[in-house]
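Undergrad:
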Amino acid sequence: MGHQMLAPAAMLVVWSLVMLIWMASTRLPALAKLKLPPERQRGGRGADLDGVLPAEIQWKAHNYNHLMEQPTIFYATVLILALAGFTQTDVWLAWAYVALRVVHSLWQALVNTIPVRITLFTISSFVLLALAIRALLVTIG
Numbered sequence: 166m167g168h169q170m171l172a173p174a175a176m177l178v179v180w181s182l183v184m185l186i187w188m189a190s191t192r193l194p195a196l197a198k199l200k201l202p203p204e205r206q207r208g209g210r211g212a213d214l215d216g217v218l219p220a221e222i223q224w225k226a227h228n229y230n231h232l233m234e235q236p237t238i239f240y241a242t243v244l245i246l247a248l249a250g251f252t253q254t255d256v257w258l259a260w261a262y263v264a265l266r267v268v269h270s271l272w273q274a275l276v277n278t279i280p281v282r283i284t285l286f287t288i289s290s291f292v293l294l295a296l297a298i299r300a301l302l303v304t305i306g
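The end of the sequence shown is residue 306 by the numbering used here, with every number in the run present.
(1) With respect to the alpha helix (DSSP H) encompassing residue 236, which residues constitute its N-terminal and C-terminal limits?
(2) I want to know whether the stretch 186 to 197 touches the stretch 211 to 229 - three or more CB-CB distances under 8 Å.
(3) Please report the residue range of the alpha helix (DSSP H) in which residue 178 lies.
(4) Applying the criterion that 16 or more other CB atoms from any shown protein chain within 10 Å of the CB defines a buried residue, is residue 170 buried or exposed?
(5) Spatial neighbours of residue 272 within its chain, please: C-beta separation below 7 Å, excluding the five flanking residues on both sides.
(6) Going along the chain, which residues of its own chain have a beta-carbon closer than 6 Å to the beta-carbon of residue 247, five neighbours each way excluded?
(7) Among 249, 300, 304 and 196, which one has its Cα closest to the Cα of residue 238?
(8) Pull up the distance between the alpha-carbon of residue 252 and that of residue 211, whole angstroms please.
(9) Going by other Cβ atoms of all chains shown within 10 Å of its Cβ, with 16 needed for buried, is residue 233 buried or exposed?
(10) Beta-carbon within less than 8 Å of residue 215's beta-carbon, same chain only, minus the 5 sequence neighbours each way: which residues are those?
(11) Counting only the same chain and skipping the five closest in sequence on each side, list residues whose C-beta sits under 7 Å from that of residue 275.
(12) Kindly indicate which residue of 199, 249 and 175 has the alpha-carbon position closest to the one of residue 306.
(13) Throw me the rounded Cβ distance for the residue 267 and residue 180 pair, which I believe falls under 8 Å.
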């Protein structure tokens, strides 16, 4: 089995949970300080807190949501490569994707300027595209 190929995926899972803890540890105290009336405390979604909580607190939540989106394709791709065959280049690409997503998370959670964030996202997307093409080639070849 391709344990070496699975390690980057495991790391991104751990990072996603770090972001969850960071989000909760900043968002919950901020919510407690708001003292929202009971009718505003029911049935909401995290996105409903945009404009209610400070943007800097919401940035962590936005990033956590992002980690539940595109990385799902990464997990599937890594699993395909781990099962069907991978090269050391695939492992490096997977680690590069994880590193880019961690930097993207930190940037979005702390600074959140769009030009840098979109650049990090675009580069990580091209790395993921390369991995996905490799997974396709391994499975059809």
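Think of the CB as a built atom: it goes at the ideal place given N, C-alpha and C, for glycine as much as any other residue.
The model shown is predicted, which means the values in this text are computed figures rather than measured ones.
TA: In this structure, then:
(1) DSSP places residue 236 inside the alpha helix (DSSP H), whose first and last residues are 236 to 249.
(2) Contact annotation: the stretch 186 to 197 touches the stretch 211 to 229, with at least three C-beta pairs closer than 8 Å.
(3) Residue 178 -> alpha helix (DSSP H) spans 168 to 199.
(4) The residue is buried, with at least 16 neighbouring Cβ atoms inside 10 Å.
(5) Closer than 7 Å at the Cβ level, and outside the excluded window around residue 272, lie 281, 282 and 285.
(6) Hits under 6 Å: 167, 170 and 171.
(7) With distances taken between Cα atoms, residue 238 lies closest to 300.
(8) The alpha-carbon atoms of residue 252 and residue 211 are separated by roughly 40 Å.
(9) Residue 233 should be labelled exposed.
(10) Counting only Cβ-Cβ distances below 8 Å, and skipping sequence neighbours, we find 223.
(11) Residues of the same chain with a CB within less than 7 Å of the CB of residue 275, apart from the 5 flanking positions on each side, do not exist.
(12) When each option's Cα is compared against that of residue 306, the closest is 249.
(13) Distance from residue 267 to residue 180 at the Cβ level is roughly 6 Å; contact confirmed, criterion being Cβ atoms closer than 8 Å.
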